[in-house]
Structure formats: C-alpha cells, structure tokens
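A.B. asks: Encoded as structure tokens, here's the structure I'll be asking about.
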Amino acid sequence: MSKTTPDLNSLWQARFGTLTNTRLPTSNTFTEVTSNQTIELLLRHRTQRTYLDKAISSETLDTILACALSAPSKSDLQQISIMVIEEPALRKEIAGLIPSMPWIEKAPAFLIFLADGHRIERICASRGIPFANDNLDNFIAATSDTSLALQNAITAAEAMGLGTCPISVIRDHMAMVADLLRLPQRVVPIAGLCLGYPARTGFVSMRLPPAVTVHKNHYDLSQVDKEIDSYDKRRDERFSIPTEAQKYTRKYGVTEFYGWSEDKARQMSKEERGQVGEFVRKTGFSLR
Ligand SMILES: Cc1cc2nc3c(=O)[nH]c(=O)nc-3n(C[C@H](O)[C@H](O)[C@H](O)COP(=O)(O)O)c2cc1C
936 MSKTTPDLNS LWQARFGTLT NTRLPTSNTF TEVTSNQTIE LLLRHRTQRT
986 YLDKAISSET LDTILACALS APSKSDLQQI SIMVIEEPAL RKEIAGLIPS
1036 MPWIEKAPAF LIFLADGHRI ERICASRGIP FANDNLDNFI AATSDTSLAL
1086 QNAITAAEAM GLGTCPISVI RDHMAMVADL LRLPQRVVPI AGLCLGYPAR
1136 TGFVSMRLPP AVTVHKNHYD LSQVDKEIDS YDKRRDERFS IPTEAQKYTR
1186 KYGVTEFYGW SEDKARQMSK EERGQVGEFV RKTGFSLR
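Residue numbers (the working numbering): 936 to 1223.
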C-alpha cells in the first residue's frame, strides 16, 4: 500500500478547510496513516434533510437499531430506549409540532432516542433494593448512553447508504412528546432521528480547527480568537450565510460580514428550552 494518503489529506481539508494541524510535521500532510472505509465514513459525515421516496427495509432498520444498541453504556446500565414511530398518524402529530422542519414527516423512517432511567429503577423495586443513585450524574450517564446510541445509528445508516438528521427540536415539546409516546416516569426524549436515502449529495460542514478544539495537557486559549476569526473567513469562502438568514436583525442589524461566530453568538442571545430542567425533574430524575 502506498505510504502517501492523499485521500486522508483531502478528507481532512474538506472537514476543516485547512490542513494546518499542530500534530502533523511541517509538511502538514498525512504520510503514515492510511484511510479506510470507517475513517472515510466518519470524516465525510453530513446531515441529510431531503430523502428519496424509497422505503427502508425492516432488515436495514433492524441493523441500524442493533448498531445503535451496540454503543458503550456507562456501567453497562443500558439506560437507553429507542422509539420507532410506525403509525403515520402519530408521526403526523409529532411533525405537526415542528412545522419548520418538514423532513420529520417526509423522512421514510423516524426514531426517537430516549434516556431511560425507568428500567433500572424498576429492577431495583422488583428486588426490594433501594434506588439511591438518583442525581445529576446518573442523568448525564443516561443522556451519554443515548447520545452514543444516536451516533452509532447515524454511522450505521451512513454505512448502508442512508442519510440522517437528528432532531433536538422535539425537546421544545418534551411534555407533549412524552405524552404521545406514553413514556413512563424517568424516560426523557433526547433527540429524534430522520432516516432515508438521500435525495442530494449534501455537503461536509466545516468544523472548527483542532487548534481550537484539541488541547494538549492544559486548556489553551492563546490561539482561540485568531483561529475563530480565520475559521469564520474560511467557512464563509466555502459557504457564506445568505443575508436573509442573518438572525435577530432587528436587534443586531444586518452585517456585511456574517460568519459562523456572529451567527452562533446571536443564536445564544436567546434562551432555548428553559422548561427542560423542570420537565426532567417531573419525570423523576432529581438532577441534584
Ligand atoms: C443532537 C443533535 C440535534 C440536532 N437537532 C437538529 C434539529 O432539530 N433539526 C435539524 O434540522 N438539524 C439538527 N441537527 C443537525 C445539526 O444541525 C448538524 O449536525 C450541524 O449543522 C452540523 O452539520 P453536519 O451534521 O452535516 O456536520 C442536530 C444535530 C445533533 C447532533
């Protein structure tokens, strides 16, 4: 096998928009590590929101579910459940809560990933053993398991030629979704997942460079502002955010250069889902 791996270099370039990587030698190219199907799949990841009118076979879906459930689990507690939304009327009702995202109704399949603290509490109760491990850390454990399962589902789906779109916006309507799904106590909807064969090629969404997001031994802020600035410019060169997509222009105006960081700062100027903590506590997680 050739020692040079232009493939990995181009995949890296597509993901970060630059080959600058503090871990590479000065040549800034990969010479030792070769790409493989898994690495390529992960580096090529892209969210897909439009799908062909092509059904997903039950074997394909079952394989995706099995892969999701193969994700690691904190202490093997397996605090995760996945809801497969099969009834068209139920899907319509959930999608109707989020009209701004028509892909929820149109996707050939729709799943909801649930942080599930119910089962383990039930196991304790059935043995007459006190359930005392109820704090914020245990909720983090359940949501981490759920996120890992979600990622495995995404990777498995992409490996079989499907595209996906996670849906956190279901958390805008947590109580309603929990009601529609008849969730028991201590089961919290974390994210939906649209699945389907992609109708478009899509594009790789450029990430912040490792110079910002990877630290060595101690958290390092020295390059952050400069690196974010050049990331904004790199990203804008590849895909500039249209003027009409600028957020909250009444408050912040229309700016000539509107990069990723301006967009995210404006997004974070408004609280989202302030009701989630209260809802999660109501389900029974103490979060203390
Ligand atoms: C947990 C999670 C929730 C998300 N929720 C939504 C959502 O509600 N609607 C949507 O259209 N995209 C959603 N996304 C997709 C992100 O917008 C997308 O991952 C991000 O823009 C980066 O693009 P990429 O996945 O193509 O790299 C979500 C992604 C994650 C990981």
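We put the CB at the ideal spot given by N, CA and C, even for glycine.
Roughly how many whole angstroms lie between the Cα atoms of residue 1208 and residue 1106?
C.D. replies: Residue numbering aside, residue 1208 sits at position 273 when the sequence shown is read from its first letter. Residue numbering aside, residue 1106 sits at position 171 when the sequence shown is read from its first letter. Spanning the two alpha carbons is a distance of roughly 7 angstroms.
A.B. asks: Could you give the first and the last residue of the continuous alpha helix (DSSP H) run that contains residue 1076?
C.D. replies: Residue mapping note: residue 1076 aligns to position 141 of the sequence shown, counting from 1. Unbroken alpha helix (DSSP H) run through residue 1076: 1071–1094.
A.B. asks: Taking the alpha-carbon positions, what's the residue 1008 to residue 1146 distance?
C.D. replies: Counting from one through the sequence shown, the residue named residue 1008 turns up at place 73. Counting from one through the sequence shown, the residue named residue 1146 turns up at place 211. Between residue 1008 and residue 1146, the C-alpha separation is close to 30 angstroms.
A.B. asks: Would the C-beta of residue 1001 count as close to ligand 1, meaning under 7 angstroms from any of its heavy atoms?
C.D. replies: The residue labelled residue 1001 in the question sits at position 66 within the sequence shown. Not so, every heavy atom of ligand 1 lies at least 7 angstroms from the Cβ.
A.B. asks: Nearest to residue 1212 by CA position, among 1123, 1002 and 1157, is which residue?
C.D. replies: Residue 1212 sits at position 277 when you count from the first residue of the sequence shown. Comparing Cα-Cα distances from residue 1212 to each of 1123, 1002 and 1157, the minimum goes to 1123.
A.B. asks: Is DSSP giving residue 1003 helix, strand or coil here?
C.D. replies: The residue given as residue 1003 occupies position 68 in the sequence shown. If DSSP states are grouped into helix, strand and coil, residue 1003 belongs with the helices.
A.B. asks: Whole angstroms are fine: how far does the CA of residue 988 sit from the CA of residue 1104?
C.D. replies: If you number the sequence shown from 1, residue 1104 lands on position 169. If you number the sequence shown from 1, residue 988 lands on position 53. The alpha-carbon atoms of residue 1104 and residue 988 are separated by roughly 24 angstroms.
A.B. asks: How should residue 1014 be labelled, buried or exposed, when 16 other C-beta atoms within 10 angstroms of its C-beta is the threshold for buried?
C.D. replies: Along the sequence shown, one-based indexing puts residue 1014 at 79. Buried: at least 16 other Cβ atoms inside 10 Å.
A.B. asks: How long is the line joining the alpha carbons of residue 1002 and residue 1084, rounded to whole angstroms?
C.D. replies: Within the sequence shown, numbered from 1, the residue matching residue 1002 stands at position 67. Within the sequence shown, numbered from 1, the residue matching residue 1084 stands at position 149. One C-alpha to the other measures close to 8 angstroms.
A.B. asks: Which residue spans inside the region 976–1020 form an unbroken beta strand (DSSP E) run of at least 3?
C.D. replies: Qualifying beta strand (DSSP E) stretches, in chain order: 1015–1019.
A.B. asks: Are there 16 or more other CB atoms within 10 angstroms of the CB of residue 1090, so buried, or fewer, so exposed?
C.D. replies: Counting from 1 along the sequence shown, the entry for residue 1090 is found at position 155. Classification for residue 1090: buried.
A.B. asks: Is DSSP giving residue 1110 helix, strand or coil here?
C.D. replies: As a working mapping, residue 1110 is identified with position 175 in the sequence shown. DSSP places residue 1110 in helix when its eight states are reduced to three.
A.B. asks: Under 8 angstroms Cβ to Cβ from residue 1059, same chain only, skipping five residues before and after it: list those, please.
C.D. replies: Counting from one through the sequence shown, the residue named residue 1059 turns up at place 124. Closer than 8 angstroms at Cβ, skipping near neighbours: 1065 and 1066.
A.B. asks: Just the Cα atoms here: how many angstroms apart are residue 937 and residue 973?
C.D. replies: Within the sequence shown, the letter at position 2 stands for residue 937. Within the sequence shown, the letter at position 38 stands for residue 973. The predicted model places residue 937 with a pLDDT of 44, which falls under 50 and marks its position as unreliable, so this point remains unresolved.
A.B. asks: Which residues in the same chain as residue 1173 place their Cβ atom closer than 7 angstroms to its Cβ, once the five residues preceding and following it in sequence are excluded?
C.D. replies: Your numbering for residue 1173 matches position 238 in the sequence shown. Closer than 7 angstroms at the Cβ level, and outside the excluded window around residue 1173, lie 952 and 1141.
A.B. asks: Please classify residue 1144: is it buried, with 16 or more other beta-carbons within 10 angstroms of its beta-carbon, or exposed?
C.D. replies: As a first step, residue 1144 is located in the sequence shown; it is residue number 209 there, counting from the start. That one is buried.
A.B. asks: Reducing DSSP to helix, strand and coil, say where residue 937 ends up.
C.D. replies: Taking the sequence shown and counting its residues from 1, the one referred to as residue 937 is at position 2. Legend: pLDDT at residue 937 = 44, less than 50; position of this residue unreliable, value from coordinates given subsequently. DSSP places residue 937 in coil when its eight states are reduced to three.
A.B. asks: Kindly indicate the opening and closing residues of the alpha helix (DSSP H) around residue 1145.
C.D. replies: In the sequence shown, counting from the first residue as 1, residue 1145 sits at position 210. Looking at the DSSP string, the run of the alpha helix (DSSP H) that includes residue 1145 is 1145–1148.
A.B. asks: Please classify residue 1101 as buried or exposed, where buried requires at least 16 neighbouring CB atoms within 10 angstroms.
C.D. replies: Against the sequence shown, residue 1101 aligns to sequence position 166. Buried.
A.B. asks: So, residue 1018 versus residue 1116, is the Cβ gap smaller than 8 angstroms?
C.D. replies: In the sequence shown, counting from the first residue as 1, residue 1018 sits at position 83. In the sequence shown, counting from the first residue as 1, residue 1116 sits at position 181. In this structure, residue 1116 lies closer than 8 angstroms to residue 1018 by Cβ.
A.B. asks: Quick one: what does DSSP say residue 1066 is sitting in, helix, strand or coil?
C.D. replies: For this step, residue 1066 is matched to residue 131 along the sequence shown. In the structure shown, residue 1066 sits in coil (DSSP, three-state: anything other than H, G, I, E or B).
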